[in-house]
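Participant: Here's a structure for you.
Numbering (UniProt numbering), first residue to last: 1 to 149.
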C-alpha cells in the first residue's frame with residue numbers, strides 16, 4: 001500500500017490522560033523525492049500494545065485530523081482540527097523534514113504539542129495546549145500555552 005511512498009515524522013501530540021499519542025508525518029512519493037504530497041496522522045497506542053492505528057472518523061473530524069491549506073513542492077501549509085488557529089508548515093531544512101509555526105510570536109520548529117485534558121462522563125475537556133519547539137533563527141527553546149479565554 002505504501003511501497004511508492006516515503007514518510008517522515010514531523011511531530012507528536014501527547015496528552016495527559018494516557019501514554020497514547022498521535023504522530024503527524026509528511027508523505028512523499030518515492031519517485032518524486034523533492035515534491036511534498038500530504039500530511040498524515042495516526043495513533044501509537046503506547047498505553048496498550050504500542051500498535052499503530054489510523055484515526056477514527058470522529059477523531060479526524062473533531063480533534064486530531066489534518067486540514068491541508070496549501071500544497072507546494074517544497075512545503076505544505078496545514079492545521080490540526082482541534083487547534084485550527086495554529087498555522088503549521090511542513091518544510092525541509094538541512095536535509096530534514098520538519099514542521100514550523102509561530103510559537104509565542106517566534107518562527108519555530110515544533111518539537112512537541114502537549115494537551116492537558118480531563119475526561120468526565122466520557123466527554124473530554126481541554127484545560128490547555130502547550131506547544132514547544134526551537135526558534136528557527138538561533139535554536140533557543142520556545143513554548144506557548146494556549147487556554148480557552
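Each residue gets a CB set at the ideal place from its N, CA and C atoms; glycine is no exception.
Predicted model only: the values in this text are computed from it and were never measured.
Taking only runs of the beta strand (DSSP E) that begin and end inside the region 74 to 106, which ones reach a length of at least 3 residues, in chain order?
Facilitator: 75 to 80, 88 to 93 and 96 to 103
Participant: Who are the near neighbours of residue 103 in its chain, counting only those whose CB is closer than 6 Å to its CB and skipping five residues on each side?
Facilitator: Here the question's residue 103 lines up with position 103 in the chain shown. Here the set comprises 131, 133, 142 and 144.
Participant: When you compare the region 54 to 62 with the region 24 to 32, are there three or more beta-carbon pairs, one atom per stretch, that lie closer than 8 Å?
Facilitator: They do not touch, by the three-pair rule.
Participant: Could you round the C-beta distance between residue 41 and residue 66 to whole angstroms and report it? I think they count as a contact, below 8 Å.
Facilitator: The count along the chain shown starts at 1 and reaches residue 41 at position 41. The count along the chain shown starts at 1 and reaches residue 66 at position 66. Residue 41 to residue 66, Cβ: 5 Å. Contact.
Participant: Bridge partners for residue 54 per DSSP, in chain order?
Facilitator: Along the chain shown, one-based indexing puts residue 54 at 54. In the DSSP output, where bridge partners are listed per residue, residue 54 has 42.
Participant: Residue range of the beta strand (DSSP E) that residue 151 falls in?
Facilitator: The question about residue 151 has no answer, for the chain in this structure spans 1 to 149.
Participant: For residue 59, which three-state DSSP category applies?
Facilitator: As a working mapping, residue 59 is identified with position 59 in the chain shown. Three-state DSSP puts residue 59 in a helix.
Participant: So what does DSSP say about residue 135, is it helix, strand or coil?
Facilitator: Working through the chain shown from its first residue, we reach residue 135 at position 135. DSSP places residue 135 in strand when its eight states are reduced to three.
Participant: Just tell me which of 9, 83 and 92 has its CA closest to the CA of residue 73.
Facilitator: Translated into positions along the chain shown, residue 73 becomes position 73. Among 9, 83 and 92, the Cα nearest to that of residue 73 is on 92.
Participant: With a CB to CB cut of under 6 Å and the five nearest residues on each side skipped, what residues in its chain are close to residue 97?
Facilitator: Within the chain shown, numbered from 1, the residue matching residue 97 stands at position 97. For residue 97, same chain residues with a beta-carbon under 6 Å away, outside a window of 5 residues either side, are 8 and 26 in chain order.
Participant: State yes or no: is the C-beta of residue 160 within less than 8 Å of the C-beta of residue 44?
Facilitator: Within the shown structure, residues of the chain are numbered from 1 to 149, placing residue 160 beyond reach of any answer.
Participant: Classify residue 144 as helix, strand or coil using the three-state DSSP reduction.
Facilitator: Along the chain shown, read from residue 1 onward, the residue named residue 144 stands at position 144. Here residue 144 sits in strand by DSSP.
Participant: Among residues of its own chain, excluding the 5 on either side of residue 116, which ones have a beta-carbon nearer than 8 Å to its beta-carbon?
Facilitator: Taking the first residue of the chain shown as position 1, residue 116 is located at position 116. Correct list, in chain order: 15, 16, 126, 127, 128, 129 and 130.
Participant: In the DSSP assignment, what are the bridge partners of residue 116?
Facilitator: For the purposes of this step, residue 116 is taken as residue 116 along the chain shown, with counting starting at 1. Residue 116 is bridged to 128.
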